[in-house]
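Note that our numbering has the sequence shown beginning at 102, numbered continuously upward. Even glycine gets a Cβ: it sits at the ideal position worked out from N, Cα and C. These numbers come from a predicted model, not from an experiment. Okay, structure first, notes after.
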Amino acid sequence: KNNAIVGNIGHFDNEIDMAGLFKGAGVVRQNIKPQVDRFVKADGKGIIMLAEGRLCNLGCATGHPSFVMSCSFTNQAMAQLEIWANCGAQKTGKFEKKVYILP
């Protein structure tokens, strides 16, 4: 389909044949913005390729700076430690179904 957005959400960077795309007769690459390119065939139709065919979650990651991710992972670890330390607390009613402030 013309202007279909194509991205690799698989496991490896070689799941999309980028070499074949680059070798295509009359194919022109137009950069839209970083990590987003449109490959246009001679008939004017094309596709929009994300991250040059590499894994999108690695190549296009702009939404979560490392500080935000470290805070998220720290919160998850703190919650898991609290649950582990009080693993029998569900039976005693310590953990009700509500939102808790992390220790």
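Here the alpha carbon of Leu203 sits roughly 6 Å from the alpha carbon of Ala180. The straight-line gap separating the alpha-carbon atoms of Asn187 and Lys195 is approximately 8 Å. Per DSSP, Gln177 is one residue of the alpha helix (DSSP H) stretching across Ser167 to Ala186. Contact between Ile148 and Ala105 is confirmed by a C-beta separation of about 5 Å, below the 8 Å threshold. In the three-state reduction of the DSSP assignment, Leu156 falls in the strand class.
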